[in-house]
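Anchor point for the sequence shown: position 90 equals 91 in our numbering, and the numbering is continuous, going up by one each time.
Here's the structure we're looking at; comments come further down.
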Amino acid sequence: MGINIGKINNTLQQFVTSTSDIQGAAVVTPDGLPLATSIPGSMDEERVAAMTAAILSLGERIGRELSRGTIDRIMIEGDQGYAILVSCADDAVLLVLANKNAKQGVLMLEIKQVVSTLKTAIQPTISAVA
């Protein structure tokens, strides 16, 4: 079974439109290729995907070099809001763009829930064949 791009797109669209503090989201490969995006029209999805991969790569290196282990999430906080990267699978990372009014605890819970849904679309379970 392969990656279910339709389910990934639907999940992202629902996540972004159902939460007022979420401004956009993207699922990206570690190589910087966008699998699915729901980002503001002023942003270029190829560029967002490349930056996400660069941040992920640097974060992983920092985790190793500073003996922090495997990175769970990377969060960038600016005066306009947050950019949060969370692993979805070995071959995908979720980028979430949230406004500055987002409550971090609620936001992290919502991200955890959407990651759970995305994982089923990215790494579908394979039925055992007897």
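The C-beta atom is built at its ideal place from N, Cα and C for all residues, glycine as well.
Rounded to whole angstroms, what is the Cα-Cα separation between residue i and residue j?
| i | j | result |
| --- | --- | --- |
| T71 | P41 | 30 Å |
| G25 | A93 | 17 Å |
| V202 | L67 | Only positions 2 to 131 of the chain appear in the structure, and residue 202 is not among them; the question remains open. |
| T30 | V115 | 17 Å |
| T20 | E111 | 9 Å |
| K113 | Q81 | 22 Å |
| L36 | V87 | 15 Å |
| E46 | G64 | 27 Å |
| R74 | G60 | 9 Å |
| G79 | N10 | 27 Å |
| G7 | K101 | 30 Å |
| M44 | Q105 | 24 Å |
Excluding five sequence neighbours on each side, which residues of the same chain lie with their C-beta closer than 8 Å to the C-beta of residue i?
| i | result |
| --- | --- |
| I77 | I56, Y83, A84, I85 |
| T53 | A27, V29, G33, L86, V94, L96 |
| R69 | I63 |
Leaving aside the five residues before and after residue i along the sequence, list all residues of the same chain whose C-beta is less than 7 Å from its C-beta, in chain order.
| i | result |
| --- | --- |
| L108 | D22, A99 |
| T118 | T12 |
| K120 | C89, A90 |
I need the boundaries of the alpha helix (DSSP H) containing residue i, first residue and last residue.
| i | result |
| --- | --- |
| T38 | No alpha helix (DSSP H) contains T38, which is instead part of the beta strand (DSSP E) from 35-39. |
| I23 | Segment 23-29 is the beta strand (DSSP E) holding I23; no alpha helix (DSSP H) there. |
| R69 | Note, R69: premise wrong, no alpha helix (DSSP H); not H, not E. |
For residue i, which residues in the same chain have their Cβ closer than 6 Å to its Cβ, ignoring the five residues on either side in sequence?
| i | result |
| --- | --- |
| I4 | I123 |
| Q14 | S39 |
| A51 | G33 |
Note the first and the last residue of the continuous beta strand (DSSP E) segment covering residue i.
| i | result |
| --- | --- |
| I75 | 74-79 |
| request: Pick out the complete beta strand (DSSP E) segments inside the region 81-113, 3 residues or longer, and give them in chain order. | output: 82-90, 93-100
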